[in-house]
Every structure is written in C-alpha cells, then in structure tokens.
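Let me begin by presenting the structure, written as structure tokens, before commenting on it.
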Amino acid sequence: MSELKKIIIESIEKNGPLPINKYMETCLYHPEFGYYMKKNPIGKQGDFITSPEISQVFGELVGIWLVNAWKTLGEPESFNLLELGPGKGTLIKDIWRSTMVFPEFQNAAELLLFEKSNVLRKLQSHNLRKVPVEWVNDLESITKKPMICFSNEFFDALPIRQFTMKNQTVLEKKVSLNKNKEIQFEFFEVNRDCKIITEENNLTEGTTIERSDLQFEILKCLCEKLKDNRGCLLIIDYGSELGQVDTLQGMHKNKYCDFLANPGEVDLTSHVNFGLISDYAKSFKTKPSKLITQKIFLTKMGVFERFKKLTDSLNENEKNYQTKTLNRLVSKDQMGNLIKVLAIQSNNEPDIYPFSF
Ligand SMILES: C[S@@+](CC[C@H](N)C(=O)[O-])C[C@H]1O[C@@H](n2cnc3c(N)ncnc32)[C@H](O)[C@@H]1O
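Going by our numbering, 107 is the number at position 106 of the sequence shown; the sequence numbering is gapless.
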C-alpha cells in the first residue's frame with residue numbers, strides 16, 4: 002500500500018470521513034507524496050496534455066489577446082501580468098516569444114507566476130531562463146497596479162466539495178472506509194446550518210452541486226484587485242455554464258480512471274461551474290463576459306489563418322500532422338467544445354475582443 006493511502010486511511014480512522022476537498026488536497030498537495038508535489042504530470046509521457054503543450058499557436062493567440070487587452074485598458078505604463086498554475090511554463094514562454102514585436106507591452110509587464118508545486122516551479126525556472134518572471138506565494142501581496150491575469154486548466158485542478166439532494170435531504174459525498182478498510186465514497190446528511198447549503202437555492206431533488214472554497218478565495222482576491230486597480234482575467238478551462246452534475250474525474254496516463262484508485266498517482270479534477278464564477282464576479286462589481294467555447298475563442302483570434310501560414314511551406318506529412326494538432330484544439334468532440342473561455346473585466350472599461358458582456 003502506498004504511503005499516501007496509509008496516511009489517508011489513518012486520517013479517516015482518527016477524524017472520520019473526509020470531505021472530497023480534503024481528500025483532493027491530500028492527494029494533490031501532500032508536501033511529500035502529493036500528485037503535483039513530486040513529479041511533472043503534464044505532457045505526452047505524463048497523465049494529461051494541455052493546449053499549450055499541443056501547439057505553440059495556442060500561446061501565440063493568447064499572447065495577441067493579452068496585448069489587445071492591455072491596449073483596451075489604455076496601455077498602462079506598468080501592470081502585473083499574472084499566470085495562475087503555469088505547469089511547465091510553456092504558455093508564458095510562447096506568449097513572451099510571440100509578443101516580442103510589442104516592446105512597449107513587454108516593458109510595461111511585470112511577469113508573475115502563481116504556482117504551488119515546487120517540482121513545477123523548478124521546471125518553470127529552467128524552461129523560462131530567458132523570460133523575466135517572478136513567483137508569488139500569496140496573491141494578496143501583489144503590488145497595486147493594473148492587472149492582466151490568465152490561466153489555462155487551473156481552476157479545474159482546485160479541490161471541491163460535493164452535495165446532492167435525495168428524498169428532500171441534503172447529503173455530502175465524502176471519502177470513508179468500508180468494512181475491509183478500503184476507501185470508498187459514502188453520502189452523509191448535512192447539517193442545515195452548513196453555509197454552502199443555506200446560501201444555495203438551486204439544489205433540487207436528484208441534482209448535484211460542486212463548490213470550491215479555494216476557487217472562491219482566489220477569485221475574491223483577484224476580483225477585488227480588478228475592482229480597485231483595473232484589469233481583466235482570462236479563464237480557459239474544462240466546464241460549462243451550469244453545474245448540476247457530478248463532474249469529478251481521475252486521469253492517469255491520458256486515460257480516465259477511478260477517482261479513488263491510487264491516491265497521489267492520478268490527476269483529480271472537476272469541471273468548472275462558469276455560471277457560479279460569473280455570479281461571483283458580479284458580486285464584486287466586476288463584469289464577466291458571456292461564456293464562449295475554446296473553438297470560438299481561437300477562431301476569432303485567427304487560429305485557422307495562423308495554421309495556414311505555419312503550414313504553407315511544409316511537406317504533406319508535416320501538414321497532416323499540423324492539421325491533426327489544429328483539430329485537437331478546435332474540434333467539437335475534442336478540446337474545442339469541452340473547454341470554455343470566460344473573461345472578467347473591471348467595470349467601466351471597453352469590452353475586450355472577442356467577448357461580449
Ligand atoms: C492542470 S495543470 C495546468 C498547467 C498549465 N496551465 C498548462 O496549461 O499546461 C494545473 C497547474 O496549476 C497548479 N496548481 C494546482 N493547484 C494550485 C494551487 N492551489 N495554487 C497554485 N497552483 C496550483 C499546478 O501545479 C499546475 O501547474
């Protein structure tokens with residue numbers, strides 16, 4: 002049995018069943034055995050692959066979006082350019098290379114990375130040797146100036162709790178032990194005073210809701226900064242407008258797997274509830290855009306034209322490879338539809354292309 006599984010079993014024996022967020026926190030961030038804390042899980046050899054790792058074009062187009070966002074904000078002379086959860090650093094590397102033609106943008110940008118994993122931080126610092134980045138441990142501490150923040154597949158990696166209603170009773174799904182001391186899911190009745198439930202009005206018979214305290218904490222901090230110092234936030238993630246189903250998933254070697262199998266060895270995620278994020282952003286007097294798919298975002302940013310230019314001089318084999326790559330990013334049954342894009346802006350600013358609000 003793995004060390005992490007022993008730790009989880011001991012914790013349940015001592016303190017009782019674990020809410021899913023506590024289980025995820027332990028599996029993902031345990032200082033010694035946590036999934037993100039001991040290895041790099043991203044890429045063909047890892048457990049999952051992300052858009053920046055599929056093609057440099059993704060970062061180039063996000064780069065153009067960021068430059069345009071900066072221009073729309075009136076080209077502030079100094080601003081924080083913050084990436085949440087940079088993984089291997091590939092996205093910011095491609096952004097930086099492709100925005101070299103906008104020296105005023107690069108000179109004004111203070112590049113900040115928010116990363117929890119020391120293993121990935123090391124990898125980022127190696128891969129970003131030529132990029133002037135700094136790491137921030139605490140979002141609150143970021144200097145007060147306009148901020149342009151972006152993330153790809155960050156929010157879906159944050160721990161969540163899950164609730165459901167059966168026979169008019171609110172239940173929380175937790176991780177407990179069966180009689181053979183194996184970990185399992187089990188539902189527990191929720192105290193009606195539970196803050197999440199008392200604030201909740203769309204939990205109805207048979208539906209499931211997922212909530213992430215950490216997501217709210219991070220959004221609160223960022224939205225307050227947008228409100229006080231102006232700026233915008235670009236969120237690219239698996240998810241949808243509504244979130245009334247169970248979206249927990251485990252991923253190992255690029256295949257779906259049992260969420261509870263091999264704690265610390267598999268990636269654990271859930272789909273982002275963008276409707277909830279939008280409502281939350283409004284409560285901080287910032288304006289969320291209408292949600293669009295990755296396909297629409299990339300198409301409006303010129304992905305087809307960019308791929309055409311990139312492949313014009315290639316031979317047939319190379320062209321076929323690039324066509325497959327493009328399809329992974331935009332096709333409806335792959336990332337094109339499943340991944341959504343949301344922008345949040347400070348109020349009273351012109352809308353940033355290609356979003357409508
Ligand atoms: C799914 S990976 C995405 C990586 C990268 N954005 C990409 O597209 O390839 C999630 C990233 O978020 C980081 N991360 C997860 N939870 C975090 C947290 N609570 N605070 C800061 N970074 C976190 C992970 O270490 C990793 O870099």
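Yeah, the Cβ is synthetic: ideal placement off N, Cα and C, and Gly gets one too. No experiment lies behind these values; they were computed from the predicted model shown.
For Val134, the enclosing beta strand (DSSP E) stretches over residues Val134 to Trp136. Gly44 sits in coil when the DSSP states are folded into three classes, being neither helix nor strand. Taking a C-beta distance under 9 Å as the contact criterion, Ile93 and Val68 do not qualify as a contact pair.
In the structure shown, Leu249 falls within a coil segment according to DSSP collapsed to helix, strand and coil. Taking each of Gly88, Gln216 and Leu223 in turn and checking the Cα distance to Glu141, the smallest one comes out for Leu223. Spatial neighbours of Leu235 in its own chain (CB-CB distance under 6 Å, excluding positions within 5 residues in sequence) are listed in chain order as Phe151 and Ala344.
With contacts defined by Cβ atoms closer than 9 Å, Leu299 and Phe115 do not form a contacting pair.
About 7 Å separates the Cβ atoms of Leu124 and Gly90, confirming a contact at the 8 Å cut-off. Residue state for Ala262 is assigned as coil, using DSSP reduced to three classes. Distances from the CB of Ser152 to the heavy atoms of ligand 1 include at least one below 8 Å. At a threshold of 8 Å, Pro53 counts as near ligand 1, since its beta carbon sits closer than that to one of the ligand's heavy atoms. A distance below 9 Å separates the beta carbons of Gly232 and Phe80.
Relative to ligand 1, even the nearest heavy atom lies 8 Å or more away from the CB of Glu135. In this structure, the beta-carbon distance from Ile10 to Ile184 falls below 9 Å. As computed with DSSP, Ile149 is found in a beta bridge with Leu82 and Cys233. Exclusion of Ala344 from the 8 Å shell around ligand 1 follows from its C-beta lying no nearer than that to any non-hydrogen atom of the ligand. Collapsing the DSSP output to three states places Val267 in coil. Per the coordinates, the alpha-carbon of Gly240 lies some 17 Å from the alpha-carbon of Thr208. DSSP places Phe188 inside the beta strand (DSSP E), whose first and last residues are Ile184 to Glu190.
The DSSP assignment places 80-85 and 110-115 as complete runs of the beta strand (DSSP E) inside the stretch 46-124, in order along the chain (cut-off: 3 residues).
Selection Pro264, Glu154, Phe305 and Asp280 evaluated against His272 yields Glu154 as nearest (Cα-Cα). Cα atoms of Ile55 and Asn181: separation of roughly 43 Å, rounded to the nearest angstrom. Rounded to the nearest whole angstrom, the C-alpha separation of Val102 and Trp71 is 14 Å.
Shown here for Tyr354: same chain residues with a beta carbon closer than 7 Å to its own, the five before and five after excluded, namely Asn69 in chain order. Exposed is the label assigned to Thr205, since fewer than 16 other Cβ atoms lie within 10 Å of its Cβ. DSSP places Ser241 in the strand class (E or B) of the three-state scheme. Spatial neighbours of Leu82 in its own chain (CB-CB distance under 6 Å, excluding positions within 5 residues in sequence) are listed in chain order as Ala110, Leu112 and Ile149. Secondary structure at Asn274: strand, using DSSP grouped into helix, strand and coil.
In the DSSP assignment, Lys341 falls outside any alpha helix (DSSP H) and within the unbroken beta strand (DSSP E) covering Ile340 to Ser347.
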